[in-house]
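S.K.: Using this note's numbering, the first residue of the sequence shown is number 734, and each one after it goes up by one. Supplied in structure tokens, the structure appears directly below.
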Amino acid sequence: MDKRVVLLFVCSGNTCRSVMAEGLFTKVWRESGEKEVNAVASSAGIETVDGLAASAEALQVLRDEGVDLAYHRSRMITGSLVEEADYIFTMTRKQKEILLERFPESNGKAWLLSDFAGLAKKKDISDPIGQGLEQYRLTAKEIETAIRNMIAKLKQKLAREKAAQEN
């Protein structure tokens with residue numbers, strides 16, 4: 734592998750959306766067969782406490798997709814996580830605003846997931862918390878669609894960067 738890319742998915746509590754995004758990204762990236770880039774995904778919350786388990790519904794949706802994140806525990810976003818990340822994807826515009834306010838150094842690598850993925854501009858990914866398993870499944874589908882598009886765009890961007898370095 735030529736390159737390592739670190740992605741950080743951020744939501745409010747780091748128990749639902751960002752956890753599903755982390756798991757789904759890892760699954761879809763592995764399925765893509767990419768060999769030149771080692772993409773490492775993790776997640777954090779913008780308004781959370783450390784140590785909470787992911788919601789039972791998020792874990793169930795991930796299990797249905799063949800992903801086991803039962804070990805996951807929430808964590809608050811920190812300066813070191815921001816520094817380590819090459820790309821930071823938030824689920825909502827508000828989360829991105831808070832991120833940029835708290836961590837100005839995230840400017841240039843912080844994206845609203847739906848924007849980077851080329852989906853509806855400024856589209857927030859809805860929070861399924863407290864709305865039952867079916868809403869989690871709908872949110873997971875929304876996240877997976879965004880991630881599939883995001884991976885295609887990320888691969889294009891990385892290929893352009895590699896070509897520029899070779900010239």
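All C-beta atoms in this analysis are idealised placements derived from N, C-alpha and C, irrespective of residue type, glycine included.
Give the secondary structure of Ala728 by DSSP, where H, G and I count as helix, E and B as strand, and everything else as coil.
M.R.: Limits of the chain in this structure are 734 at one end and 900 at the other, which puts residue 728 out of reach.
S.K.: On a CA-only basis, which of Lys888, Ser839 and Leu802 is nearest Arg750? Give me that one, please.
M.R.: The residue you call residue 750 lines up with position 17 of the sequence shown. Nearest option by C-alpha distance: Leu802.
S.K.: Between the beta-carbon of Ile876 and the beta-carbon of Leu832, is there less than 8 Å?
M.R.: Residue 876 sits at position 143 when you count from the first residue of the sequence shown. Residue 832 sits at position 99 when you count from the first residue of the sequence shown. Their beta carbons are not under 8 Å apart, which means Ile876 does not touch Leu832 by this criterion.
S.K.: Mind listing, in chain order, the continuous beta strand (DSSP E) runs of no fewer than 3 residues lying wholly within the region 747-805?
M.R.: DSSP runs (the beta strand (DSSP E)) wholly in the region 747-805: 770-778.
S.K.: Mind checking Gln913: buried by the 16 CB within 10 Å criterion, or exposed?
M.R.: Because the chain here runs from 734 to 900, residue 913 falls outside it and cannot be looked at.
S.K.: Assign Asn900 to buried or exposed, taking buried as 16 or more other Cβ atoms, counted over all protein chains shown, within 10 Å of its Cβ.
M.R.: By one-based count along the sequence shown, residue 900 stands at place 167. Asn900 is exposed by the Cβ-count criterion.
S.K.: Quick one, which of Val773, His805, Ser775 and Ala772 has its alpha-carbon nearest Ser788's?
M.R.: Against the sequence shown, residue 788 aligns to sequence position 55. Of the listed residues, the one whose Cα sits closest to Ser788 is His805.
S.K.: Within 10 angstroms of its Cβ, does Glu838 collect 16 or more other Cβ (buried), or is it exposed?
M.R.: By 1-based counting over the sequence shown, the position of residue 838 is 105. Glu838 is exposed by the Cβ-count criterion.
S.K.: Just curious, the beta strand (DSSP E) that Ala843 is in, first and last residue?
M.R.: Working through the sequence shown from its first residue, we reach residue 843 at position 110. That run of the beta strand (DSSP E) goes Ala843 to Leu845.
S.K.: Pull up the DSSP beta-bridge partners for Leu741, would you.
M.R.: Here residue 741 refers to the residue found at position 8 when the sequence shown is read from its first residue. Leu741 pairs with Ser775 and Ile821.
S.K.: Out of Ile810, Arg763 and Glu798, which has the shortest C-alpha to C-alpha gap to Ala818?
M.R.: Taking the first residue of the sequence shown as 1, we reach residue 818 at position 85. The candidate whose alpha carbon is nearest that of Ala818 is Ile810.
S.K.: Going by the CB atoms, is the gap between Met824 and Lys857 shorter than 8 Å?
M.R.: Working through the sequence shown from its first residue, we reach residue 857 at position 124. Working through the sequence shown from its first residue, we reach residue 824 at position 91. Note on identity: in this sequence residue 857 is Asp, with Lys being the wrong assignment. Closer than 8 Å, so yes.
S.K.: Pick from Ser765, Arg826 and Ile821: whose alpha carbon is nearest that of Asp708?
M.R.: Lying outside 734 to 900, the shown extent of the chain, residue 708 is not represented and no answer is given.
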